[in-house]
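To keep things clear, I will list the structure first and then write my remarks on it.
Protein chains: 2
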Amino acid sequence: MTSSESSILVVGTVALDDIQTPSGRADGVVGGAAVHFSAAASLFAPVHLVGVIGDEYPIEELVFLRDRGVDLAGLQKKSGNSFRWGGTYHADMNTRDTNHTEVGVFADFQPVLSEEARSARWVFLANADPTLQSFVLDQIDEAELVACDTMNYWISGSLDPLMDVISRIDMITLNDEEARQISGVSNLVGAAKWIQEQGPRYVLIKKGEHGAAFFSGDDIFLAPGYPLMEVKDPTGAGDAFAGGMFGQIARLGSLEREGICSAVVYGCALGSFTCEAFGPGRMVNLTLEEVEERVEELVDLTRVKTASRMGER
Amino acid sequence: MTSSESSILVVGTVALDDIQTPSGRADGVVGGAAVHFSAAASLFAPVHLVGVIGDEYPIEELVFLRDRGVDLAGLQKKSGNSFRWGGTYHADMNTRDTNHTEVGVFADFQPVLSEEARSARWVFLANADPTLQSFVLDQIDEAELVACDTMNYWISGSLDPLMDVISRIDMITLNDEEARQISGVSNLVGAAKWIQEQGPRYVLIKKGEHGAAFFSGDDIFLAPGYPLMEVKDPTGAGDAFAGGMFGQIARLGSLEREGICSAVVYGCALGSFTCEAFGPGRMVNLTLEEVEERVEELVDLTRVKTASRMGER
Chain A
4 MTSSESSILV VGTVALDDIQ TPSGRADGVV GGAAVHFSAA ASLFAPVHLV
54 GVIGDEYPIE ELVFLRDRGV DLAGLQKKSG NSFRWGGTYH ADMNTRDTNH
104 TEVGVFADFQ PVLSEEARSA RWVFLANADP TLQSFVLDQI DEAELVACDT
154 MNYWISGSLD PLMDVISRID MITLNDEEAR QISGVSNLVG AAKWIQEQGP
204 RYVLIKKGEH GAAFFSGDDI FLAPGYPLME VKDPTGAGDA FAGGMFGQIA
254 RLGSLEREGI CSAVVYGCAL GSFTCEAFGP GRMVNLTLEE VEERVEELVD
304 LTRVKTASRM GER
Chain B
4 MTSSESSILV VGTVALDDIQ TPSGRADGVV GGAAVHFSAA ASLFAPVHLV
54 GVIGDEYPIE ELVFLRDRGV DLAGLQKKSG NSFRWGGTYH ADMNTRDTNH
104 TEVGVFADFQ PVLSEEARSA RWVFLANADP TLQSFVLDQI DEAELVACDT
154 MNYWISGSLD PLMDVISRID MITLNDEEAR QISGVSNLVG AAKWIQEQGP
204 RYVLIKKGEH GAAFFSGDDI FLAPGYPLME VKDPTGAGDA FAGGMFGQIA
254 RLGSLEREGI CSAVVYGCAL GSFTCEAFGP GRMVNLTLEE VEERVEELVD
304 LTRVKTASRM GER
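One line per chain: the protein sequences are A and B, in this order. So the first sequence is numbered by the numbering used here: it starts at 4 and just counts up by one. So the second sequence is numbered by the numbering used here: it starts at 4 and just counts up by one.
Structure below.
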């Protein structure tokens, strides 16, 4: 297996975030889906990051990604402002209000992928305009797994291009509300089945503190949310989830059932770490050993022996 | 072990419900916490039901409970109307509006427990006025596990008597919003810790379709929600959950960690069955074999092998 064959490609925002949570406030924090995804995935495998920043971006704060093996050759710098998002989280941390979204140089981003990027084996199209996701999809050669993320904004305003993307990919990641919205089905299992019928073999429904439900054909796997005593900032947790999941899939090098379920648990672990600090703060020094420990904790949290299995040890 | 030593006592409402869900409507359905609890628990162990009904109650619809070994000697009949509740569920089935609550003969219910009831080993004080819960608690001799359920109404309006009950029991069951409300702590783990500090060794937080979190000392166990394709009527699911959990604990006859965690999964299974029909409709013919099958399904839904455990089979 060559390096590119085992590597991950992520295309998405590299942003500055202004975040208010019950735990505090932070302005101009480096963030964006591609950053949170890469920070998680690069613990496991080589990552090609494709994105765009403006003149003012504090690029030195992304050095930790390069140190961890993230290829930043696809990170363009353009004249103008970086993508900037501001949001305020409510007391229960499960809901938030968006204060501002300034798309900046990301508005007309049309990346031409390098040879290495286009031949990545695992591809994640982070939340973005489905037109951009399509533009990238057209350049993908022979990936084994292509996933896309999306959000309510595109479901409401760009449904046709989004459904076109969905028909062409292997996996979609969205949260429970988005799954209900895009399918028009209020039951989550029904919503996932509806989405699968539009194309994707795999549907990952992220449920925040409640973990995630992973649908693969007729099979369902449920992963618990890690019970954090304190959530500092949930921003990027969904992208770190996807990054952890892709990282573990890339490390295993297969989509076999047992491996992909373990990858969902790795996703939960990485999502939870991201919540422990503002921006990618917790990810900077996170080690694979700490991740493995949390994964074992997560497995233990749901481990149970039933009557017929009491004999197993 | 005598019969009373392995038996379960439940004290709570025996009601008529008027239920509207996206799946349909049913009026005057037999229900109430004590009925839903008993329907579940009696699959596993003898149950003493203590409650009160009015003249008009269709007692013949509770014959299935007697056939399953529920002792109805503590079910009083009084002149007046039965407890009656009406509610409308929203599209996602996770939230509901109460249309009416007519307390009827339950208003001045002050049961004097029989010898068999007061010596039950496992006691569940279903959701009711904490003053009633206290009145029953005073009569309990030597139960090994006493649990109470409650709701936002009592947290808002009868906090002092409720906190007195909570200081005297072993376990409380509540949903996530109620846990946040009673503790004033928005983080669920923090909320559970706060509640444990008020007395109960065990805190069971019911999360509807997301399953349940069970706190025992510093230990946490997470059980998945069963992914139902269709939810007909969630009324009573929380009480059936408690009934399934108590039933399995009574059957095992111990509060050892492994057993009590399996009991939480049995609770999830019974809660999910209750959602499949209006009122206790699904429970009438439910068999223990079907329950065991669903428990195995639930265990499989979260079963995962991580890297370090790939060798285990």
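A virtual CB, placed ideally from N, CA and C, is assigned to each residue, including glycine. Since the model is a prediction, treat every value here as computed from it, not as a measurement.
Neighbour flag for residue i against chain B, beta carbons, 9 Å
{"i": "E261(A)", "result": "yes"}
{"i": "F281(A)", "result": "no"}
{"i": "D95(A)", "result": "yes"}
{"i": "V3(A)", "result": "With chain A running from 4 to 316 in the structure shown, residue 3(A) is simply not present."}
{"i": "L191(A)", "result": "yes"}
{"i": "E293(A)", "result": "no"}
{"i": "R183(A)", "result": "yes"}
{"i": "F224(A)", "result": "yes"}
{"i": "V108(A)", "result": "no"}
{"i": "S311(A)", "result": "Because the pLDDT at S311(A) is just 49, under 50, the model does not fix this residue reliably, and the point stays unresolved."}
{"i": "P164(A)", "result": "no"}
{"i": "G314(A)", "result": "Its pLDDT being 38, under 50, G314(A) is placed unreliably by the model, and the measurement read from it follows with that caveat. Closer than 9 Å: no."}
{"i": "R99(A)", "result": "no"}
Beta-carbon proximity check, residue i vs residue j, cutoff 9 Å
{"i": "L68(A)", "j": "S41(A)", "result": "yes"}
{"i": "L128(A)", "j": "A150(A)", "result": "yes"}
{"i": "W88(B)", "j": "D20(B)", "result": "yes"}
{"i": "H217(A)", "j": "V267(A)", "result": "Sequence inspection shows Phe at residue 217(A); the His mentioned does not correspond to that position. Result yes, Cβ atoms of F217(A) and V267(A) sit closer than 9 Å."}
{"i": "L148(A)", "j": "R121(A)", "result": "no"}
{"i": "I143(A)", "j": "L162(A)", "result": "no"}
Where residue i falls, given that 16 or more other Cβ within 10 Å makes a residue buried
{"i": "L12(B)", "result": "buried"}
{"i": "M232(A)", "result": "exposed"}
{"i": "G187(B)", "result": "exposed"}
{"i": "H213(B)", "result": "buried"}
{"i": "R181(B)", "result": "Contrary to the premise, residue 181(B) reads as Glu rather than Arg in this sequence. It counts as buried."}
{"i": "Q251(B)", "result": "buried"}
{"i": "T5(B)", "result": "For T5(B), the predicted model reports a pLDDT of 45, less than 50, meaning its position is unreliable and no value from the coordinates is stated."}
{"i": "K80(B)", "result": "exposed"}
{"i": "I22(B)", "result": "buried"}
{"i": "L289(A)", "result": "buried"}
Short CB-CB distance (under 9 Å) between residue i and chain A
{"i": "G214(B)", "result": "yes"}
{"i": "G250(B)", "result": "no"}
{"i": "P227(B)", "result": "yes"}
{"i": "M174(B)", "result": "no"}
{"i": "P230(B)", "result": "yes"}
{"i": "L52(B)", "result": "no"}
{"i": "L273(B)", "result": "no"}
{"i": "K209(B)", "result": "no"}
{"i": "E233(B)", "result": "yes"}
{"i": "T104(B)", "result": "no"}
{"i": "S265(B)", "result": "yes"}
{"i": "R285(B)", "result": "no"}
Nearest candidate by alpha-carbon position, reference residue i, set the options
{"i": "A195(B)", "options": "I223(B), R171(B), D242(B), V32(B)", "result": "I223(B)"}
{"i": "N84(B)", "options": "A110(B), G256(B), Q136(B)", "result": "A110(B)"}
{"i": "L225(A)", "options": "Y205(B), E300(B), A253(B)", "result": "E300(B)"}
{"i": "V73(B)", "options": "T91(B), G54(B), V298(B), G90(B)", "result": "G54(B)"}
{"i": "S275(A)", "options": "L291(A), P203(A), F244(A), M248(A)", "result": "F244(A)"}
{"i": "G107(B)", "options": "F249(B), T16(B), F217(B), I263(B)", "result": "T16(B)"}
{"i": "A272(A)", "options": "P133(A), M248(A), V192(A), D141(A)", "result": "M248(A)"}
{"i": "L304(B)", "options": "S219(A), Y269(A), F86(A)", "result": "S219(A)"}
{"i": "L191(B)", "options": "L75(B), V206(B), N102(B)", "result": "V206(B)"}
{"i": "Q184(A)", "options": "M174(A), T153(A), A253(A)", "result": "T153(A)"}
{"i": "V298(B)", "options": "S257(B), Y229(B), T238(B), V234(B)", "result": "Y229(B)"}
{"i": "E295(A)", "options": "A43(A), W157(A), S9(A)", "result": "A43(A)"}
{"i": "G160(A)", "options": "D132(A), S137(A), Q199(A)", "result": "D132(A)"}
Bridge partners - residue i, DSSP secondary structure assignment
{"i": "H93(B)", "result": "Beta-bridge pairing links H93(B) to no other residue."}
{"i": "A18(B)", "result": "G34(B), F86(B)"}
{"i": "W125(B)", "result": "I11(B), L148(B)"}
{"i": "G274(A)", "result": "In DSSP, G274(A) forms no bridge with anything."}
{"i": "R99(B)", "result": "Y92(B)"}
{"i": "S219(A)", "result": "Y205(A), D222(A)"}
{"i": "M174(A)", "result": "A150(A), Y205(A)"}
{"i": "K81(A)", "result": "Answer is none; K81(A) lacks a bridge partner."}
{"i": "A2(A)", "result": "Residue 2(A) cannot be examined here, being either before or after the span of chain A that is shown, 4 to 316."}
{"i": "D141(A)", "result": "None, per the DSSP bridge assignment."}
Near the ligand SAH: residue i beta-carbon under 8 Å from a heavy atom
{"i": "K209(B)", "result": "Inclusion of the ligand SAH in the displayed structure is not the case, the ligand content being empty and no account of it being possible."}
If you measure beta-carbon to beta-carbon, which residues of the stretch 72-85 of chain B are closer than 8 Å to chain E?
No chain E appears in this structure, whose protein chains are A and B.
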